[in-house]
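Trainee:
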Amino acid sequence: MPVSPLKEIDQKILHHLQGNARLSNVELSDRVNLSPSPCLRRVRNLEEGGVIKGYVALVDQNSVGLPVSVFVSVSLEKQVERALGQFEDAIRARPEVMECYLMTGDADYLLRVVAADLAGYERFLLDHLTRIPGVASIKSSFALKQVTYKTALPIA
-15 MPVSPLKEID QKILHHLQGN ARLSNVELSD RVNLSPSPCL RRVRNLEEGG
35 VIKGYVALVD QNSVGLPVSV FVSVSLEKQV ERALGQFEDA IRARPEVMEC
85 YLMTGDADYL LRVVAADLAG YERFLLDHLT RIPGVASIKS SFALKQVTYK
135 TALPIA
């Protein structure tokens, strides 16, 4: 189903909420030049329509003892629906997997995994990832430095 374009006021609301989701409705309405009631109604419509999926606190991974980021390319033995579903279910259950994408190209999946140290990643690899049925190959790349990290989408 095609997505209808957002109205300019909704884009402004999203821009401000992406920068600070803790803005009160009054603060948000001031920033987008809209009275509080219509502003709140628009936010609720964006939530109910699935445009706003939720609100989170972004936690610094270094501050909580998870400084290691690993990008993992995984290839499966067979790219059939059952094997894909089984792999995806197993990955969803792992808290250290922050992102997982079904890919085109050389690998079937690309994962971003966080760990406390190399030994922690090795435990994840040996105890969990290699034990998922149908995994044919795994290639790990360790991030040396995070150059940029964004959560806000570039909304027109």
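Numbering-wise (the numbering used here), the sequence shown opens with residue -15 and increments by one.
Ideal Cβ placement from N, Cα and C applies to all residues, glycine included.
Computed from a prediction, not measured in an experiment: that's the story for all the values here.
Write down the C-beta distance between Y105 and V54 rounded to the nearest angstrom, noting that I regard them as a contact closer than 8 Å.
Mentor: Rounded, the Cβ-Cβ distance is 5 Å, consistent with contact.
Trainee: Here's the rule: buried if 16 or more other CB atoms are within 10 angstroms of the residue's CB, otherwise exposed. What is R26?
Mentor: Label assigned to R26: buried.
Trainee: Return the CA-CA distance between V16 and Q(-5), expressed in angstroms with no decimal places.
Mentor: Looking at the two C-alpha atoms, the distance is approximately 10 Å.
Trainee: What residues match up with Y93 in a beta bridge as DSSP calls it?
Mentor: Its beta-bridge partners are V58, L86.
Trainee: Just checking my contact of S124 with A91 at CB under 8 Å: how many whole Å lie between their CB atoms?
Mentor: Actually they are not in contact, since the Cβ atoms of S124 and A91 sit about 11 Å apart, beyond 8 Å.
Trainee: CA-CA distance, P51 and A99?
Mentor: So the alpha carbons of these two residues sit roughly 7 Å apart.
Trainee: Do you know how far the Cα of D14 is from the Cα of A140?
Mentor: A140 and D14: Cα-Cα distance of roughly 20 Å.
Trainee: Sort K134, L102, L113, E(-8) by Cα distance to L94 and report the nearest one.
Mentor: For L94, the nearest C-alpha among the options comes from L113.
Trainee: Quick one: what does DSSP say A74 is sitting in, helix, strand or coil?
Mentor: In the structure shown, A74 sits in a helix (DSSP, three-state: H, G or I).
Trainee: How long is the line joining the alpha carbons of V119 and D101, rounded to whole angstroms?
Mentor: Answer to the nearest angstrom: the Cα atoms are 24 Å apart.
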